[in-house]
Amino acid sequence: MSHAVNDEALDTIFRNARTHRHWQDKPISPALLMAIYDLTRWGPTSANVSPARMAFVVSKEAKERLKPHLDAGNVRQTMEAPATAIVGYDLDFVQFVPKLYPQSPNAKDWFKDPKHAE
0 MSHAVNDEAL DTIFRNARTH RHWQDKPISP ALLMAIYDLT RWGPTSANVS
50 PARMAFVVSK EAKERLKPHL DAGNVRQTME APATAIVGYD LDFVQFVPKL
100 YPQSPNAKDW FKDPKHAE
């Protein structure tokens, strides 16, 4: 890394960050959601693959489907939020290794042993 992240950015992202419980009554743009996703997908990887999968819950109908799975203390703020990100883990992510890391045809084998895949 050629330079450190400045203290103001570290304060915003980590040191002073708190859970948001109140939201503006306006939608979030698909472009902003894509920008958030893009930041996560450019993180360090092994063989250009990541098991992370992200889904954004935006519509009222989708939020209603999510609601029964929420802790009671999170229902109000989740239902009022313009979007909720669900981050999951694809257990079969290695299927994409040959396409994403073609320079090493056997790279998929690196993940065969479960202790190496974690």
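Using numbering that gives the first Met the number 0, you'd call the opening residue of the sequence shown number 0 and step up by one each time.
Ideal Cβ placement from N, Cα and C applies to all residues, glycine included.
Source: prediction; values computed, not measured.
Practice prompt. Within 10 angstroms of the Cβ of V4, are there 16 or more other Cβ atoms? Answer buried if so, exposed if not.
Written response: The residue you call residue 4 lines up with position 5 of the sequence shown. The residue is exposed, with fewer than 16 neighbouring Cβ atoms inside 10 Å.
Worksheet item: R75 lies in the alpha helix (DSSP H); which residues open and close that run?
Response: By one-based count along the sequence shown, residue 75 stands at place 76. Counting along the chain, the alpha helix (DSSP H) containing R75 begins and ends at V74 to E79.
Discussion item. By alpha-carbon positions, which one of I85, P113 and P67 ends up nearest to M53?
Written reply: As a first step, residue 53 must be located in the sequence shown, where it is residue number 54. Of I85, P113 and P67, the residue nearest in Cα terms is I85.
Discussion item. At the level of alpha carbons, what is the spacing between A51 and S45?
Written reply: Numbered from its first residue, the sequence shown carries residue 51 at position 52. Numbered from its first residue, the sequence shown carries residue 45 at position 46. Whole-angstrom Cα-Cα distance: 12 Å.
Practice prompt. Out of K114, E7, Q23 and P81, state which residue places its alpha-carbon closest to the alpha-carbon of E60.
Written response: Position 61 of the sequence shown, counted from the start, is the residue given in the question as residue 60. Of the listed residues, the one whose Cα sits closest to E60 is P81.
Worksheet item: For I27, which of helix, strand or coil comes out of DSSP?
Response: Translated into positions along the sequence shown, residue 27 becomes position 28. Coil at I27, not helix or strand.
Fill in: First through last residue of the alpha helix (DSSP H) which encompasses V86
Counting from one through the sequence shown, the residue named residue 86 turns up at place 87. First-last for V86: T83 to Y88, but that is the beta strand (DSSP E), not the alpha helix (DSSP H).
Worksheet item: Between Q94 and the rest of its own chain, which residues show a CB-CB distance below 7 Å, the 5 nearest in sequence each way excluded?
Response: Locating residue 94 in the sequence shown gives position 95, counting from the first residue. None.
Worksheet item: In terms of residue numbering, what span does the alpha helix (DSSP H) encompassing A51 cover?
Response: Against the sequence shown, residue 51 aligns to sequence position 52. From DSSP, A51 is part of no alpha helix (DSSP H) but of the beta strand (DSSP E) over A51 to V56.
Practice prompt. For the alpha helix (DSSP H) containing D6, list its first residue and its last residue.
Written response: For the purposes of this step, residue 6 is taken as residue 7 along the sequence shown, with counting starting at 1. Unbroken alpha helix (DSSP H) run through D6: D6 to L9.
Fill in: Straight-line gap, K98 to Y88 (C-alpha atoms, nearest Å)
Your numbering for residue 98 matches position 99 in the sequence shown. Your numbering for residue 88 matches position 89 in the sequence shown. So the alpha carbons of these two residues sit roughly 19 Å apart.
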